[in-house]
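Residue numbers (full-length UniProt numbering): 1 to 393.
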């Protein structure tokens, strides 16, 4: 067995505190910058410069500190993805701005991922994974007759327990009696806190609609429990409409009827599947951002692009920087800098809408470079600020 249930439960954090009023924007944020591997190192520069630009305009103090760990280069030099005191180094920060991890030719993926991102998620109790599914200008959707505005919803994934608990083991290996078991763990604390986050998010949006992913017609213990907690939580949110779909038909609805969704919540496994399918329905997973959030603020939250390290194009200067910049927009939004976050998203969309072949990168049909694309978004930030009277040159 990898871990006993008793061990897991003994390490479980206490229940989240009662909901509080929306926090005021913090005018000073400490951000740990970890470029990681491959194209993460290339796109990070433009994520940081765009954040610096928008912060200057909206009078937000951002303090960046760069770290070289959580990369395969660090592993090759030190024999580990992280230093022994990594937690002490990162705890003082409000957020981690992360590029990408993984170079399978150098380090096995299970070593690089479990030795970095998974540790961040679990040790920093980042129990919410949040991803936007938004059809952006200049990106044709693989779904017929869809245009920007037709797909615009959020996926909330439970991020620290569930099907990915790593509790289980093997017996009688290599024989006809070989048995492999892996357990799903759902705690009331773990389920309720992700549902609360999802209900709060739905309540904050105009449509006030929450969709829950389940499979209680086939998974006979954990999924009925999940459904019961959704039902119980819904009594505290009378203004939020709740729908329930089994995961198989829900994936079909993502493809056939994406416009119907507003906020979708799922367990670790179901949320994992949906949070890739959703952005894929918008045309490219390569520009999607993601956030691993500790809503209580006890630990830093992590913001990253969904794309990986892309070793095949690393070093060529053609990686699309939108996912990294958009992840920075999510960071600002999380810390309640809504006006600045909206301005950054509009700058991204404006450049993408122009679809200038000399600017956008090959994945979007252009012949631009990471630098040209990133600089164009940065320039759009400043030009719009001047035009709107937010900045005087």
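All residues carry an ideal CB built from backbone N, CA and C; glycine is no exception.
Rounded straight-line distance, which links the Cα of residue j to that of residue i
i: residue 115; j: residue 168; result: 20 angstroms
i: residue 126; j: residue 318; result: 31 angstroms
i: residue 93; j: residue 118; result: 18 angstroms
i: residue 105; j: residue 316; result: 18 angstroms
i: residue 252; j: residue 59; result: 45 angstroms
i: residue 76; j: residue 246; result: 44 angstroms
i: residue 192; j: residue 122; result: 17 angstroms
i: residue 112; j: residue 71; result: 7 angstroms
i: residue 128; j: residue 154; result: 12 angstroms
i: residue 357; j: residue 373; result: 10 angstroms
i: residue 379; j: residue 99; result: 22 angstroms
i: residue 179; j: residue 267; result: 25 angstroms
i: residue 417; j: residue 226; result: No information on residue 417 is available, as it lies outside the stretch 1 to 393 that the chain covers here.
i: residue 81; j: residue 107; result: 10 angstroms
i: residue 206; j: residue 259; result: 14 angstroms
i: residue 46; j: residue 52; result: 10 angstroms
i: residue 21; j: residue 368; result: Low local confidence applies: a pLDDT of 43 at residue 21 is under 50, so the model's placement there is unreliable, and no value is given.
i: residue 161; j: residue 176; result: 31 angstroms
i: residue 271; j: residue 49; result: 31 angstroms
i: residue 331; j: residue 68; result: 21 angstroms
i: residue 334; j: residue 174; result: 49 angstroms
i: residue 302; j: residue 292; result: 5 angstroms
i: residue 79; j: residue 86; result: 14 angstroms
i: residue 143; j: residue 249; result: 17 angstroms
i: residue 432; j: residue 265; result: The chain is shown only over 1 to 393; residue 432 falls outside these bounds and no answer can be derived.
i: residue 109; j: residue 103; result: 7 angstroms
i: residue 361; j: residue 328; result: 19 angstroms
i: residue 399; j: residue 355; result: Given a span of 1 to 393 for the chain in the structure shown, any question on residue 399 remains unanswerable.
i: residue 65; j: residue 388; result: 31 angstroms
Start and end residues, beta strand (DSSP E) containing residue i
i: residue 129; result: 128-134
i: residue 152; result: 152-158
i: residue 191; result: First-last for residue 191: 188-204, but that is the alpha helix (DSSP H), not the beta strand (DSSP E).
i: residue 185; result: 179-185
i: residue 171; result: 162-171
i: residue 304; result: 301-305
i: residue 211; result: 209-214
i: residue 337; result: From DSSP, residue 337 is part of no beta strand (DSSP E); its letter is neither H nor E.
Distance between beta carbons of residue j and residue i, contact taken as under 8 angstroms
i: residue 326; j: residue 300; result: Incorrect: roughly 19 angstroms between the Cβ atoms, too far for contact.
i: residue 96; j: residue 151; result: Residue 96 to residue 151, Cβ: 28 angstroms. No contact.
i: residue 198; j: residue 255; result: Incorrect: roughly 22 angstroms between the Cβ atoms, too far for contact.
i: residue 37; j: residue 101; result: 5 angstroms
i: residue 365; j: residue 320; result: Not really, about 11 angstroms apart at Cβ, beyond 8 angstroms.
i: residue 391; j: residue 54; result: Rounded, the Cβ-Cβ distance is 10 angstroms, inconsistent with contact.
i: residue 237; j: residue 203; result: 6 angstroms
i: residue 131; j: residue 275; result: 4 angstroms
i: residue 305; j: residue 323; result: 3 angstroms
i: residue 359; j: residue 341; result: Between residue 341 and residue 359 the Cβ distance is about 23 angstroms, and since that is not below 8 angstroms, they are no contact.
i: residue 24; j: residue 336; result: 7 angstroms
Proximity to residue i [Cα-Cα], best of the options
i: residue 183; options: 210, 222, 208, 209; result: 222
i: residue 386; options: 235, 343, 291; result: 343
i: residue 185; options: 295, 203, 269; result: 269
i: residue 294; options: 218, 62, 31, 124; result: 124
i: residue 159; options: 273, 107, 377, 363; result: 273
i: residue 62; options: 74, 31, 78; result: 31
i: residue 215; options: 207, 205, 228, 308; result: 228
i: residue 241; options: 212, 85, 271, 25; result: 212
i: residue 156; options: 224, 194, 109; result: 194
i: residue 370; options: 341, 339, 217, 314; result: 314
i: residue 26; options: 297, 388, 323, 306; result: 297
i: residue 187; options: 209, 354, 163; result: 163
i: residue 141; options: 277, 84, 377; result: 277
i: residue 88; options: 120, 329, 73; result: 120
i: residue 363; options: 393, 381, 307, 345; result: 307
Boundaries (first-last residue) of the alpha helix (DSSP H) holding residue i
i: residue 292; result: Where residue 292 is concerned, there is no enclosing alpha helix (DSSP H), although the beta strand (DSSP E) it sits in stretches over 289-293.
i: residue 275; result: 268-281
i: residue 113; result: 109-114
i: residue 230; result: 222-234
i: residue 251; result: 247-256
i: residue 117; result: 117-123
i: residue 98; result: Element bounds for residue 98: not the alpha helix (DSSP H) but the beta strand (DSSP E), 95-100.
i: residue 34; result: Not the alpha helix (DSSP H): residue 34 falls in the beta strand (DSSP E), residues 28-36.
i: residue 64; result: From DSSP, residue 64 is part of no alpha helix (DSSP H) but of the beta strand (DSSP E) over 61-66.
*Between the region 160-176 and the region 131-148, are three or more C-beta pairs nearer than 8 angstroms?*
no
*the region 350-362 contacting the region 36-52, beta-carbon criterion three pairs below 8 angstroms*: no
*Taking contact to mean at least 3 C-beta pairs separated by less than 8 angstroms, is the region 271-289 in contact with the region 135-142?*
yes
*asked:* For the pair the region 226-236 and the region 195-210, tell me if three or more CB-CB distances fall below 8 angstroms.
replied: yes
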